[in-house]
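Reviewing the structure listed below.
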Amino acid sequence: MIEQTLPRLPVESAPAHTIRDWKAMEKKWIPRGLPRCSPGRFYAWLAPWLLLLAIGAYAMYLCFAEGLQHTNMDNRFAFGLWIYLDLTVIALGAGAFFTGFLFYILRWKEMTAVINAAVVLGFICYSSAIAILLVDIGQPLRAWFTFWHPNVHSMLTEVTFCLSCYLTVLAIEYLPVLLKNRKLRQVPLFLVFEYELHRVMPVLAGVGTFLSFFHQGSLGGLYGVLHGRPFAFREALGIWPTTFFLFILSAAAAGPSFVLLMARLTQFLSRKQLVRAEVFAQLGKVSGTLLLFYVLLKTLDTMLWINRIYPQTGFSPYSFYAEPSFGTWVLLLEIIGLGLVPALFLVNPRMREKPWVLTLMAFLACSGVAFNRFVMTVQTLALPTLPFDRFLRYVPSWQEVAAFLAVLAYGVLLYSFSFRYATLFPQERDLRNQ
Amino acid sequence: MFPWVYEFRWTTGHLLFLGIFFSVLLTIGLTVVRAAWKTYRDFQDQKQEHLSWKADFEDLSPLARSCRHEISGKVRRRSCPNEFDCRVCANHRVTAGRLPSAGPPARRGADAGFCGLDVPLDRLYHRGHTWVKEEREGVYLIGLDDFASRLIGPPDQVDLPAPGTRLQANGKGWRMRRQSTIVRILSPLDGEVIGQGGAQQGWYLKVRADSRGNKMDHLLRGEEVRSWVLRELERLQMALATDGVGMSLADGGELVYDVTLQDPHADWDSVLGEMFLQA
């Protein structure tokens, strides 16, 4: 046994006075056993993103203070870069609900390796979407009208309600990740609350799945009900147009790919192995299977659209692809290049064993869903619908681009902080020791 | 939104949509309220120590969570599902029942040395590197084992619980600080602190065990202690392994006193956390 006197000293350490003290204090916030870069390097990484965020904040201020004339949208081209961004991040954020569904409802224990990262990514995506929507509606002080006087026949009302509720769910799901921070967990109340929240998480995962199902669907549905725009209009299954289901399926397919892609990107940037290869392969398999199913349904939907809806409008089937900007290559790229190709690679077990193939195909799958949202938003509005209409061109203003980049910067910042101070990838510690 | 709000309609669409919306809100709200209420109840029932340990246990490495019977080679592969509380473990009862009774701890003899460590078998050991020795009926001495003492070296600060403090098995026993690292030492049993010692007395705490604390099934004894010490040496090697290299074969030797001094560049904060089962 050790042989010296043991004085009782105050436990609290002295306040930091020097940079060294501050570094030591900052290290106490980083999870034990997970090495992270120096604070200087970390803040150097954050600096450009903070700058982007500041520029974007100024652009948003202009829109709030002086109105939406700072954008290049108008009454005819009412959906632009921001709505495209909203639709894309919401689709990619589906990784949170789908991973939660696999982990908490279907009890796929492997998903424990990425569930925290999926929740953080989901929270980033949905909070970004809400933030940009507040700028986009132009009258954020009246945003509550949609809740107080809901038009229950509007797909957008369903979207608004579901998005708000799901963001609340994601915030609650994000809370345990934060409360398990090394410093915060020293407060017994936080740790016990985290434990109790963790126990009710399956209920929240179920609610999240329900909400995601409807808002992903309604985002698709709102295009499908546009009778005046045959490019987007679809026939209904029940009360929902087919785009309702296609949006759900494409989001569920792209979500796991996005989680995979972000985990791989984090591995690359941090130069650490964070997740076992089997988990990546599992995510790829789920994503590939759903994507294959989606491509099948999308193809069927496109065939029906060409052969039934188009002729009913009196247009030639290919008239919407006559513009040089949006030729038939758009359709082929969306369905084959960014749909069928990644799906076939991802469902092939031998291909999934190759990390670079898995990453590339996950990237293509995510690009596919982003491209689909672009087509549904921008191409739909650009195409003429009446004989005297002309093809519309839309180029976003710098304010729109700055706000777009600010959202990206916000995501990078929040994800970077979460990666540094929370345990996003629980397997990291084990993999480090192997 | 509500019947008294302008434009509300008593139609199926309104009632269905708003009904679903309010149900979802209610579910989310009730779920959070339930978690908050359970937290309050946990504090009322003084479960916070137990739950903190549960949370820590979930974050331990798989090697640290191995079942004692796996370590001693009695079962092939098993991870502990009960946070090292073998008193509630059905597997432990079955496995221990198949084996010859461990019996009471042996008397201290000449065989206390093992791998260069002082591991007397006249006492029981906790996975958090404490030992328990009965002083008299219902009163136990608790100390830091030799492995832990050598690992921490001379502590800069020790924060022992005052007499009268209640301890819970696997809850916080006391805290020690070495340089900038604070280590929480787990209590090996349930009971009330009735005395404080120190390294110079050869023990840290004197505890009067309560009825549950008198059950010592969860503590290691006899030959399994040595298997566990071997496993701990292996875990220490692994914790000290360089990133990307992994565990390397040792070339023999013994664990020296105050290991932290021997390799000041190692991440001791992480190593001590790993060895003392602290997330």
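Chains as they are written, first to last, in our numbering: chain A, 1 to 434; chain B, 1001 to 1279.
A virtual CB, placed ideally from N, CA and C, is assigned to each residue, including glycine.
* **Every unbroken alpha helix (DSSP H) inside the stretch 284 to 370 of chain A [4 residues or more]** => DSSP runs (the alpha helix (DSSP H)) wholly in the stretch 284 to 370 of chain A: 310 to 313, 328 to 332, 341 to 347 and 349 to 352.
* Asked: Thinking C-alpha only, which one of Arg1166/B, Val1033/B and Ala1199/B is nearest glutamine 1046/B?
  -> Ranking the options by Cα distance to glutamine 1046/B, first place goes to Arg1166/B.
* Taking C-alpha atoms, which residue in His1069/B, Trp1037/B and Arg1041/B lies nearest to glycine 1222/B? -> Checking every option, the nearest Cα to that of glycine 1222/B belongs to His1069/B.
* Comparing alpha-carbon positions, which option in Val135/A, Val407/A, Gln186/A and Thr359/A lies nearest alanine 65/A? -> It is Val135/A whose Cα lies nearest to the Cα of alanine 65/A.
* **Coil, strand or helix - alanine 1102/B by DSSP** => Note that alanine 1102/B scores a pLDDT of 48, beneath 50, so its modelled location is shaky and nothing firm can be said.
* Would threonine 236/A be called buried (16 or more neighbouring beta carbons within 10 Å of its own) or exposed? -> Going by the sequence as given, residue 236/A is alanine instead of threonine. With fewer than 16 other Cβ atoms within 10 Å, it is exposed.
* **Own chain residues within Cβ distance below 7 Å of arginine 429/A, not counting five before or after** => Excluding sequence neighbours, arginine 429/A sits near Gly33 and Leu34.
* To do: Run the CB neighbour count on tryptophan 1228/B, radius 10 Å, all protein chains shown included, and call it buried at 16 or more, exposed below.
  => Looking at its Cβ environment, which holds 16 or more other Cβ atoms inside 10 Å, tryptophan 1228/B is buried.
* Alpha-carbon to alpha-carbon, phenylalanine 1057/B and leucine 9/A -> A caution first: leucine 9/A carries a pLDDT of 43, below 50, which makes its placement in the model unreliable, though a value can still be read off. Take the alpha-carbon of leucine 9/A and the one of phenylalanine 1057/B: they are about 28 Å apart.
* Taking all protein chains shown into account, do 16 or more other C-beta atoms lie within 10 angstroms of the C-beta of methionine 460/A, making it buried, or fewer, making it exposed? -> There is simply no residue 460/A to check, as chain A begins at 1 and stops at 434 in what is shown.
* **Best match in Arg1009/B, Gly1198/B and Ser1187/B for proximity to histidine 1218/B [C-alpha to C-alpha]** => Nearest C-alpha to histidine 1218/B: Ser1187/B.
* CB-CB under 6 Å to threonine 209/A, same chain, minus the five flanking residues each way: which ones, in chain order? -> Leaving aside the five residues that flank threonine 209/A on each side, the residues in its chain whose CB is nearer than 6 Å to its CB run, in chain order, Phe97 and Phe101.
* What first and last residue would you give for the alpha helix (DSSP H) that runs through glycine 40/A? -> Unbroken alpha helix (DSSP H) run through glycine 40/A: 39 to 66.
* Contact set between the stretch 1166 to 1183 of chain B and chain A, restricted to residues whose Cβ is under 9 Å from the partner -> From the stretch 1166 to 1183 of chain B, only Arg1175, Met1176, Arg1177, Ser1180 and Ile1182 have a Cβ closer than 9 Å to chain A.
* To do: Kindly indicate if chain A contains any beta-carbon less than 9 Å away from that of proline 1163/B.
  => Answer no: the Cβ-Cβ gap between proline 1163/B and chain A never drops below 9 Å.
* Apply the 10 Å Cβ neighbour rule to alanine 1239/B and answer buried if 16 or more other Cβ atoms are within range, or exposed otherwise. => By the neighbour-count criterion, in which a residue is buried when 16 or more other Cβ atoms sit within 10 angstroms of its Cβ, alanine 1239/B is buried.
* Given that methionine 1001/B touches chain A, what residues does it touch there, using C-beta distances under 9 Å? -> Those within 9 Å of methionine 1001/B in chain A are Phe147, Trp148, His149 and Pro150.
* Ignore the nearest five residues each way along the sequence and tell me which others in threonine 146/A's own chain have a CB closer than 6 Å to its CB. => Contacts found: Thr160.
* **Beta-carbon proximity list for arginine 352/A, same chain, < 6 Å, skipping 5 on both sides** => Only Ala281, Gly284 and Leu358 meet the Cβ criterion.
* For the alpha helix (DSSP H) containing tyrosine 195/A, list its first residue and its last residue. => Element bounds for tyrosine 195/A: 188 to 224.
* Should proline 1163/B and isoleucine 1194/B be called a contact, given that it needs their Cβ atoms to be closer than 9 Å? -> Against a cut-off of 9 Å, the Cβ pair of isoleucine 1194/B and proline 1163/B comes out as a contact.
* **Buried versus exposed call for methionine 376/A [16 or more other C-beta atoms within 10 Å across all chains shown]** => It is buried - the Cβ of methionine 376/A has at least 16 other Cβ atoms within 10 Å.
* Is the CB of valine 153/A under 9 Å away from at least one CB in chain B? -> Correcting the residue identity first, residue 153/A is histidine in this sequence and not valine. Yes - at least one Cβ of chain B is within 9 Å of the one on histidine 153/A.
* Using only alpha-carbon positions, find the residue among Leu386/A, Cys162/A, Phe258/A and Asn181/A that is nearest to threonine 423/A. => Minimum Cα distance to threonine 423/A is reached at Asn181/A.
* To do: With distances taken Cα to Cα, identify the nearest neighbour of phenylalanine 258/A among Trp49/A, Pro48/A, Ile124/A and Tyr394/A.
  => Among Trp49/A, Pro48/A, Ile124/A and Tyr394/A, the Cα nearest to that of phenylalanine 258/A belongs to Ile124/A.
* phenylalanine 1002/B burial status per 10 Å Cβ neighbour count (16 or more: buried) -> The residue is exposed, with fewer than 16 neighbouring Cβ atoms inside 10 Å.
* **Chain-order list of residues whose beta-carbon lies under 7 Å from that of arginine 420/A (same chain, five-residue window excluded)** => If we look at arginine 420/A and ignore the five residues flanking it on each side, its Cβ neighbours are Ile30, Arg36 and Phe42.
* **Top-ranked residue by Cα proximity to valine 1075/B, from Asp1267/B, Leu1025/B and Glu1224/B** => Checking every option, the nearest Cα to that of valine 1075/B belongs to Glu1224/B.
* **Assigned secondary structure, valine 114/A (DSSP; H/G/I helix, E/B strand, else coil)** => Note: valine 114/A maps to coil in three-state DSSP.
* **Start and end residues, beta strand (DSSP E) containing threonine 1181/B** => DSSP places threonine 1181/B in the uninterrupted beta strand (DSSP E) bounded by 1181 to 1186.
* Asked: Within 10 angstroms of its Cβ, does alanine 113/A collect 16 or more other Cβ (buried), or is it exposed?
  -> Label assigned to alanine 113/A: buried.
* Shortest alpha-carbon distance to alanine 251/A belongs to which of Ala54/A, Pro241/A, Phe293/A and Asn307/A? -> Looking only at Ala54/A, Pro241/A, Phe293/A and Asn307/A, the smallest Cα-Cα distance to alanine 251/A is reached by Phe293/A.
* To do: Determine the chain B residues that contact alanine 168/A at a beta-carbon separation under 7 Å, and present them in chain order.
  => The sequence as given places threonine at residue 168/A; alanine does not occur at that position. Contact note: threonine 168/A reaches chain B through Ile1028, using a C-beta cutoff of 7 Å and chain order.
* 6 Å CB neighbourhood of arginine 1226/B in its chain, flanking five on each side removed -> Closer than 6 Å at the Cβ level, and outside the excluded window around arginine 1226/B, lie Phe1114.
* Among Glu194/A, Val169/A, Pro188/A and Leu167/A, nearest to leucine 178/A - alpha-carbon criterion -> Of the candidates Glu194/A, Val169/A, Pro188/A and Leu167/A, the residue whose Cα lies closest to the Cα of leucine 178/A is Glu194/A.
* Counterpart residues of valine 1132/B in DSSP-defined beta bridges -> For valine 1132/B, which the question treats as bridged, DSSP gives the partners Leu1124/B and Ile1142/B.
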